[in-house]
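Heads up: the sequence shown begins at 175 in this note's numbering, then just goes up one per residue.
All remarks here apply to the structure that follows.
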Amino acid sequence: MRPSASAVLTHLPGRQPASISGRASALPFMVTAIVVGLFLPEELSFYIFGLRLTVVRLLCLLLAPILIVKGLQKASAGRYRFVLSDLLVLLAGFWLVYGPANVDDPVSALNHAGPTILEFGVAYMATRILLSERGHALALANLLCRAIAVVALVGALDPVTNHRFAHDLAAAIAGPMHSIDSWDDAYRLGLLRATGTIEHPILFGFISTIGILIAASVPVPGRFFVIGACGLGAVLAFSSAPLQVMIIGFILLAYNSMFSRMAGRWLVLVAIGILAVSAAFVISNNPVGFIISNLTFSPESGYYREWTWHMVTLYVSQSPWFGLGFGKLPDEIDHSIDSLWLVLSIQSGYPGAVLVGLSLMGAAPIGSRGQHLTPTEKKLATIVGIVLFLTLYIAFTVHIWGSGWILTGLLIGLKAHLTELNRLIDPRRSGLAS
175 MRPSASAVLT HLPGRQPASI SGRASALPFM VTAIVVGLFL PEELSFYIFG
225 LRLTVVRLLC LLLAPILIVK GLQKASAGRY RFVLSDLLVL LAGFWLVYGP
275 ANVDDPVSAL NHAGPTILEF GVAYMATRIL LSERGHALAL ANLLCRAIAV
325 VALVGALDPV TNHRFAHDLA AAIAGPMHSI DSWDDAYRLG LLRATGTIEH
375 PILFGFISTI GILIAASVPV PGRFFVIGAC GLGAVLAFSS APLQVMIIGF
425 ILLAYNSMFS RMAGRWLVLV AIGILAVSAA FVISNNPVGF IISNLTFSPE
475 SGYYREWTWH MVTLYVSQSP WFGLGFGKLP DEIDHSIDSL WLVLSIQSGY
525 PGAVLVGLSL MGAAPIGSRG QHLTPTEKKL ATIVGIVLFL TLYIAFTVHI
575 WGSGWILTGL LIGLKAHLTE LNRLIDPRRS GLAS
């Protein structure tokens, strides 16, 4: 027996009847603040007690206790449904400190890993806890698409002016962070690679691609403007990784559309992927190098990444559980590492990298229990799942930090919210699912 609308309102204080239209509703202010903050240039930072705080990092610090309280209130009100990513994100945060604490001293480990955990964990909690009503997820998608489109257009000024326009402007206000003079690949085809307000051209291109994929899947306001602006950003990053991600993303969307009536379509695709990876182990003496070198357009870049993977694996295998910490690294790997999974393995061992990777997948629903999303919400859940998979994929050849790292936490929380909503609310009756 399903409760009446009045019973639902009594059970869920402050909640209005859910709409079956699938339209966006007002987004919680704290989520909006994090989204705006993560797209501000890193130069707009300051120091408190010797700690460098960006705007979004300060927001995360202030919101952490509030989110814990709101999470407890949500659970006590009976509006919480367990999603596997809740546990995985918690375990990942613990190991990112526990691993290096066994190599360095605990204080040093906390000082180095603390900001990373703060950004990722609070971003996840913000969307996981504060998105509580039907329409919140769509409102976040709308905001993300508009924000990314604006960032992409700002980034287009970089090659036009031959300056990192947004970063230089922020540096004139608050002080410079670093110079692109040290970059070996700041220019491609004679043009300065676009970064907009993002830390690096590859991350800028990847975030632009995320905007394209969401706007192409969900009917957001100004859809063609978003796709056009983000498409320009993806191109002006002059990087193969975002273009690969965009192509794979559209292939996966086409696959989902073609086989929408097949319930196990994603399991079939996972099985094909496992077979493809297994084939790489069969046809190559160095399967990891074969896979990594074929993820890049440039042979030189591919060989360099293959060598980096070999050397990092060699050293981390000497301390696989806890990694090498944050101290001085061996000369062979004491340079920029172009892989999130390698960076996490170095800092906190293989468990740290594995737990973060599992967190990206853990927000997906387990089984088929609950079918209570609107059609638009289902589309959003699908594309967010695809984006998280693409993040898992691109992280083999790209180190994700700063804006990209926080955005990843937000998207995992968004996916977990949709998974919870699917089990909690029946859109046909504006009430709790029985």
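Backbone N, C-alpha and C fix where the C-beta goes; we use that ideal spot for every residue, glycine too.
The model shown is predicted, which means the values in this text are computed figures rather than measured ones.
C-beta contact flag for residue i and residue j at 8 Å
| i | j | result |
| --- | --- | --- |
| P274 | F424 | no |
| T369 | A408 | no |
| A323 | A403 | yes |
| I372 | V419 | no |
| L377 | G576 | yes |
| S413 | P375 | yes |
| S259 | A527 | no |
| I222 | L387 | no |
| R479 | D512 | yes |
| P202 | L264 | no |
| I381 | L564 | no |
| K589 | L562 | yes |
| L233 | A207 | yes |
| A411 | R367 | yes |
| G309 | E217 | no |
| W515 | A437 | no |
| L417 | I560 | no |
| V394 | V400 | yes |
| A321 | F213 | yes |
| Y429 | L441 | no |
Cβ separation of residue i and residue j, assumed to be a contact under 8 Å, to the nearest whole Å
| i | j | result |
| --- | --- | --- |
| A344 | P215 | 4 Å |
| E551 | R255 | Rounded, the Cβ-Cβ distance is 15 Å, inconsistent with contact. |
| W579 | F294 | 6 Å |
| V271 | L284 | 6 Å |
| Q521 | G499 | 7 Å |
| H573 | V517 | 5 Å |
Segment limits, alpha helix (DSSP H) that includes residue i
| i | result |
| --- | --- |
| R367 | It is not in any alpha helix (DSSP H) - R367 carries neither H nor E in the DSSP assignment. |
| Y254 | Run containing Y254: none; DSSP gives neither H nor E here. |
| I557 | P549 to I568 |
| P350 | Premise fails: P350 is in no alpha helix (DSSP H) and is neither H nor E. |
| M299 | P280 to L304 |
| H374 | Counting along the chain, H374 falls outside any alpha helix (DSSP H), and DSSP gives it neither H nor E. |
| H310 | H310 to T335 |
| I208 | F203 to L212 |
| K589 | S577 to L598 |
| S413 | Taken as a continuous stretch (DSSP letters only), S413 belongs to no alpha helix (DSSP H), as it is neither H nor E. |
| A439 | Note that residue 439 is Arg in the sequence shown here, rather than Ala. Unbroken alpha helix (DSSP H) run through R439: R439 to I457. |
| W515 | L514 to G536 |
| L503 | From DSSP, L503 is part of no alpha helix (DSSP H); its letter is neither H nor E. |
From the options, residue whose alpha carbon lies closest to that of residue i
| i | options | result |
| --- | --- | --- |
| V205 | L598, L584 and I422 | L584 |
| R597 | L547, D279, F563 and A283 | L547 |
| G211 | H509, A527, I222 and L236 | L236 |
| G364 | P350, L377, T335 and G379 | T335 |
| T582 | P202, S199, V209 and F203 | V209 |
| D278 | C319, F220, I560 and S493 | S493 |
| G405 | G379, L261 and A346 | G379 |
| A311 | V572, H573, L554 and T571 | L554 |
| M351 | R435, Y298, F433 and F220 | F220 |
| S510 | W357, L441, S522 and Y489 | W357 |
| G245 | A266, R302 and H337 | R302 |
Where the beta strand (DSSP E) through residue i begins and ends
| i | result |
| --- | --- |
| R226 | L225 to T228 |
| S219 | S219 to I222 |
Next on the checklist: Can you confirm whether the stretch 314-332 touches the stretch 526-541 when touching is taken to mean that 3 or more C-beta pairs between the two stretches lie within less than 8 Å?
Outcome noted: no
Checklist entry - Does the stretch 323-334 come close enough to the stretch 287-298 that 3 or more CB-CB pairs lie under 8 Å? => result no
Checklist entry - When the Cβ atoms of the stretch 217-230 are set against those of the stretch 245-252, are three or more pairs found closer than 8 Å? => result no
Next on the checklist: Across the stretch 447-456 and the stretch 478-493, are there enough close Cβ pairs to call them in contact, namely three or more that are closer than 8 Å?
Outcome noted: no
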